[in-house]
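The block underneath contains the structure these notes are about, expressed in structure tokens.
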Amino acid sequence: MFSTPTLKSLEQTVAFTERRHAILAGNIANTDTPDYKSKDLSVDTFQKSLREAIQAERQEQEMSPGLRLSLLNSTSPATGPSFEDSKKVAMESVRDSMKQIVYHDGSDDSLEMQVTQIAKNQSMHTMAIAMMKTQFRQLQMAITGSANV
Numbered sequence: 428m429f430s431t432p433t434l435k436s437l438e439q440t441v442a443f444t445e446r447r448h449a450i451l452a453g454n455i456a457n458t459d460t461p462d463y464k465s466k467d468l469s470v471d472t473f474q475k476s477l478r479e480a481i482q483a484e485r486q487e488q489e490m491s492p493g494l495r496l497s498l499l500n501s502t503s504p505a506t507g508p509s510f511e512d513s514k515k516v517a518m519e520s521v522r523d524s525m526k527q528i529v530y531h532d533g534s535d536d537s538l539e540m541q542v543t544q545i546a547k548n549q550s551m552h553t554m555a556i557a558m559m560k561t562q563f564r565q566l567q568m569a570i571t572g573s574a575n576v
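Here it is as structure tokens:
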């Protein structure tokens, strides 16, 4: 119930934005530190990894139940990793993208640039949280059978 592709994606987005916010705040704290190189997480890498993980989930959902069951049970070395393992690898690559810190060349480490990046990151975080709230509100309405939640 809580492992839908939408909720998984939103959870990863919130985790990414929280991690990125901490890194960007560190850049601002060290603005006046001599020879400090600003750091960041690659939004493009994260979004690419997330897109690939979502596509893997969609491919599974589009399969017939029989084919899905046979792929889930195929773990022999001859056939390669199982379908479930490939889904786990896709989601792990999303988490790994949060660990890849990018160092800038120092030409763009102005305070204004960092504040702009924090504002963009905050917007992505706020959007993900709002969408998660909507998902949980819909789930609550389905459970209680009432729209007055």
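FYI, in my numbering the residues of the sequence shown are 428 to 576.
We put the CB at the ideal spot given by N, CA and C, even for glycine.
Computed from a predicted structure; not experimentally measured.
Quiz item: Of the residues Asn454, Thr433, Asp462 and Ile450, which one's Cα is nearest the Cα of alanine 483?
Solution: Thr433 is the residue among Asn454, Thr433, Asp462 and Ile450 whose C-alpha sits nearest the C-alpha of alanine 483.
Exercise. Measure the alpha-carbon distance for alanine 452 versus serine 430 and round it to whole angstroms.
Key: 31 Å
Quiz item: Which of helix, strand or coil does DSSP assign to aspartate 403?
Solution: There is simply no residue 403 to check, as the chain begins at 428 and stops at 576 in what is shown.
Exercise. Quick one: using the 10 Å Cβ neighbour count with 16 as the cut-off for buried, is serine 503 buried or exposed?
Key: Low per-residue confidence applies at serine 503: pLDDT is 48, beneath 50, and the placement is therefore not dependable, though the value from the model is reported in the following sentence. Burial call: exposed.
Exercise. Kindly indicate the opening and closing residues of the alpha helix (DSSP H) around serine 436.
Key: First-last of the alpha helix (DSSP H) with serine 436: 432-456.
Self-check item: isoleucine 481 versus methionine 554: straight-line alpha-carbon distance, rounded
Solution: 18 Å
Self-check item: Nearest-angstrom beta carbon gap, leucine 538 and isoleucine 455 [assumed within contact, 8 Å]
Solution: 7 Å between Cβ atoms; contact.
Quiz item: At a cut of 8 Å, does the stretch 556-563 reach the stretch 466-476 through at least three beta carbon pairs?
Solution: no
Quiz item: Tell me which same chain residues have a C-beta within less than 8 Å of the C-beta of isoleucine 450, skipping the five on either side of it?
Solution: Cβ neighbours of isoleucine 450 beyond the five flanking positions: Lys466, Asp467, Leu468 and Ile528.
Self-check item: C-beta atoms of threonine 440 and methionine 551 nearer than 8 Å
Solution: Remark: C-beta atoms of threonine 440 and methionine 551 approach each other more closely than 8 Å.
Practice problem: Return the chain-ordered list of same chain residues with a C-beta closer than 6 Å to the C-beta of threonine 444, the five sequence neighbours on each side being excluded. | Solution: Asn548, Met551 and His552
Practice problem: Tell me, to the nearest whole angstrom, how far the beta carbon of leucine 437 is from that of methionine 540; I am working on the premise that it is less than 8 Å. | Solution: Actually they do not touch by this definition, with Cβ atoms about 27 Å apart.
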